[in-house]
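Asks:
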Amino acid sequence: MSQAFTESVKNSFGPNATPKAKRMVSSLIQHIHDFARENQLTTEEWLWGVNFINRIGQMSDERRNEGILVCDILGLESLVDALTNEMEHSNHTSSAILGPFYLPGSPVYANGESIVQKALPTDVKAFTRGRVTDTEGNPLAGAKIEVWQCNSAGFYSQQKEHDGPEFNLRGTFIADKDGYYSFECLRPTSYPIPYDGPAGDLLKIMDRHPDRPSHIHWRVSHPGFHTLVTQIYDSECPFTKNDSVHAVKDDIIVKFNKALPEEKVGDAKFTLDYNISLATEESIQQARAAARKEQGL
């Protein structure tokens with residue numbers, strides 16, 4: 001069917017559709033139609049795709065987001081993250097994908113306390129510390145730092161295989177008056193992403209491994225500043241060079257150091273020093289608006 005048909009679909013908007021809706025949905029229609037033409041899509045193949053999308057929804061609940069997982073395998077979330085960063089032109093700490101296992105409302109701990117509620121024999125503890133500042137280096141007292149990670153068996157707390165408290169290996173910390181924070185966690189472990197659903201089927205179709213590099217998730221916020229979602233990756237993990245969800249960036253690969261006796265970090269075997277800088281919300285929105293204007297969007 002010709003481009004004329006595609007144009008008729010793109011021109012079918014009602015009078016109350018917003019300019020943004022027209023622009024984005026029209027673009028989606030064009031690309032979907034082009035995909036069908038380029039691949040000479042059959043009815044059976046189209047129906048397979050519809051059922052695949054249906055299964056993504058059926059597999060998702062408040063504890064697992066299969067849609068994000070599929071987007072991650074396809075590199076879409078990482079691409080959107082990169083495009084967003086390019087628009088911002090800021091020297092704040094690099095962002096990374098949220099991933100499917102964020103839970104709001106994790107316990108608030110005092111600085112120096114542990115997010116390890118239940119440990120496995122294979123868990124290795126680490127002590128993480130650092131400072132939250134603005135992009136000029138000024139401390140952000142009261143910054144909220146949310147962290148979450150899997151255990152050494154590779155499972156997050158909401159996964160049935162985790163066998164631990166609801167918020168094990170999750171916690172919220174508040175930066176002190178000088179912007180400093182600290183907490184005990186685990187030295188992160190690499191793990192396979194869940195492949196018992198559509199995301200796993202996609203990996204098999206693509207003949208790809210499911211493994212993610214060792215990492216810890218972060219969500220850092222402060223009033224008046226743009227919330228940072230990021231991950232840090234252990235430099236000694238081989239999967240940093242071959243991440244199943246394409247999310248690794250060089251500047252968020254970090255080094256865990258062996259803890260020294262004089263550091264007084266309890267039974268932690270390793271330490272990590274990690275500073276974070278946030279950009280103001282106003283500067284981010286101004287940069288994004290300027291980038292869109294430059295692109296004629």
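Once you know that position 137 of the sequence shown is 137 in the UniProt record's numbering, the rest is easy, because the numbers rise by one and skip nothing.
Beta carbons are placed, not taken as given, at the ideal position from N, Cα and C, and that holds for glycine.
Computed from a predicted model, the values in this text were never measured in an experiment.
Using CA coordinates, which residue listed in Gly130, Ile174, Met87, Ser244 is at the minimum distance from Ala290?
Replies: Here the question's residue 290 lines up with position 290 in the sequence shown. For Ala290, the nearest C-alpha among the options comes from Met87.
Asks: Quick check on this structure: which residue in Phe127, Thr122, Leu120 has the alpha carbon closest to the alpha carbon of Gly112?
Replies: As a first step, residue 112 must be located in the sequence shown, where it is residue number 112. The option with the nearest alpha carbon to Gly112 is Phe127.
Asks: What span of residues does the alpha helix (DSSP H) with Thr6 cover, start to end?
Replies: In the sequence shown, the residue the question calls residue 6 occupies position 6. First-last of the alpha helix (DSSP H) with Thr6: 3 to 10.
Asks: Could you tell me whether the segment 31 to 45 touches the segment 169 to 177, using the rule of 3 or more Cβ pairs below 8 Å?
Replies: Verdict: no, contact absent.
Asks: Say whether the segment 69 to 88 touches the segment 115 to 125, bearing in mind that this needs 3 or more beta-carbon pairs closer than 8 Å, one atom from each stretch.
Replies: Not touching, per the Cβ criterion.
Asks: So Trp218 packs on Val108, CB below 8 Å; how close in whole Å?
Replies: Against the sequence shown, residue 218 aligns to sequence position 218. Against the sequence shown, residue 108 aligns to sequence position 108. So it is not a contact: roughly 16 Å between Cβ atoms.
Asks: Exposed or buried, what is His31 when buried is set at 16 or more other beta-carbons lying within 10 Å of its beta-carbon?
Replies: As a first step, residue 31 is located in the sequence shown; it is residue number 31 there, counting from the start. When all chains shown are included, His31 counts as exposed.
Asks: Exposed or buried, Leu28, counting other C-beta atoms within 10 Å across all chains shown (16 or more means buried)?
Replies: Within the sequence shown, residue 28 is the residue found at index 28, counting from 1. Answer is exposed; the Cβ neighbour count stays below 16.
Asks: Could you check what DSSP says for His215 in three-state terms: helix, strand or coil?
Replies: Here residue 215 refers to the residue found at position 215 of the sequence shown. Note: His215 maps to strand in three-state DSSP.
Asks: Going along the chain, which residues of its own chain have a beta-carbon closer than 8 Å to the beta-carbon of Ile252, five neighbours each way excluded?
Replies: Residue 252 sits at position 252 when you count from the first residue of the sequence shown. Excluding positions up to five away in sequence, the list reads Thr93, Ser94, Ala96, Thr230, Gln231, Ile232, Tyr233.
Asks: Please report the distance separating the alpha-carbon of residue 329 from that of Ala279.
Replies: For residue 329 there is no data in the structure shown, the boundaries of the chain being 1 and 297.
Asks: Are Ser190 and Asp211 close, meaning C-beta to C-beta below 8 Å?
Replies: Numbered from 1 along the sequence shown, position 190 holds the residue referred to as residue 190. Numbered from 1 along the sequence shown, position 211 holds the residue referred to as residue 211. Going by C-beta atoms, Ser190 is nearer than 8 Å to Asp211.
Asks: Could you check which residue in Ile216, Gly197, Asn275 has the C-alpha nearest to that of Gly179?
Replies: Taking the sequence shown and counting its residues from 1, the one referred to as residue 179 is at position 179. Answer by Cα proximity: Asn275.
Asks: For Ser26, which of helix, strand or coil comes out of DSSP?
Replies: Sequence index remark: in the sequence shown, residue 26 carries index 26 (1-based). In the structure shown, Ser26 sits in a helix (DSSP, three-state: H, G or I).
Asks: DSSP on Thr128, reduced to helix/strand/coil?
Replies: The count along the sequence shown starts at 1 and reaches residue 128 at position 128. If DSSP states are grouped into helix, strand and coil, Thr128 belongs with the strands.
Asks: When you compare the CB positions of Ala287 and Ser26, do they come within less than 8 Å of one another, or not?
Replies: As a working note, residue 287 is residue 287 in the sequence shown. As a working note, residue 26 is residue 26 in the sequence shown. Not closer than 8 Å, so no.
Asks: So within the segment 70 to 134, which uninterrupted beta strand (DSSP E) runs reach at least 3 residues, ignoring any that extend past its ends?
Replies: Whole beta strand (DSSP E) segments, 3+ residues: 125 to 134.
Asks: Determine contact between the segment 191 to 203 and the segment 49 to 66, defined as no fewer than three beta-carbon pairs at a distance below 8 Å.
Replies: Yes, since at least three Cβ pairs between the segment 191 to 203 and the segment 49 to 66 fall closer than 8 Å, the two stretches touch.
Asks: Please state whether DSSP places Gly49 in a helix, a strand or coil.
Replies: Looking up residue 49 in the sequence shown gives position 49. Three-state result, Gly49: helix.
Asks: Use the C-beta contact count for Glu263: other C-beta atoms within 10 angstroms, 16 or more gives buried, fewer gives exposed.
Replies: One-based indexing of the sequence shown puts residue 263 at position 263. Counting Cβ neighbours within 10 Å, Glu263 comes out exposed, since fewer than 16 surround it.
Asks: May I have the straight-line CA-CA distance separating Ile193 from Ala4, to the nearest angstrom?
Replies: Working through the sequence shown from its first residue, we reach residue 193 at position 193. Working through the sequence shown from its first residue, we reach residue 4 at position 4. Rounded to whole angstroms, Ile193 to Ala4 spans 43 Å at the Cα level.
Asks: Whose CA, out of Asp201, Phe35, Pro19, lies closest to the CA of Leu297?
Replies: Start at 1 with the first residue of the sequence shown, and residue 297 comes out as number 297. For Leu297, the nearest C-alpha among the options comes from Pro19.
Asks: If you scan the segment 241 to 297 from start to end, which runs of the alpha helix (DSSP H) of 4 or more residues do you find wholly inside it?
Replies: Counting whole runs of 4 or more residues, the segment 241 to 297 contains the alpha helix (DSSP H) stretches 281 to 294.
Asks: Hey, how far is the Cα of Ala268 from the Cα of Val254?
Replies: Residue mapping note: residue 268 aligns to position 268 of the sequence shown, counting from 1. Residue mapping note: residue 254 aligns to position 254 of the sequence shown, counting from 1. Computed Cα separation, rounded: 17 Å.
Asks: Taking Cβ to Cβ, would you say Glu184 is nearer than 8 Å to Ser114?
Replies: As a first step, residue 184 must be located in the sequence shown, where it is residue number 184. As a first step, residue 114 must be located in the sequence shown, where it is residue number 114. Closer than 8 Å, so yes.
Asks: Taking all protein chains shown into account, decide if His209 is buried (16 or more other Cβ within 10 angstroms of its Cβ) or exposed.
Replies: Position 209 of the sequence shown holds residue 209. That one is exposed.
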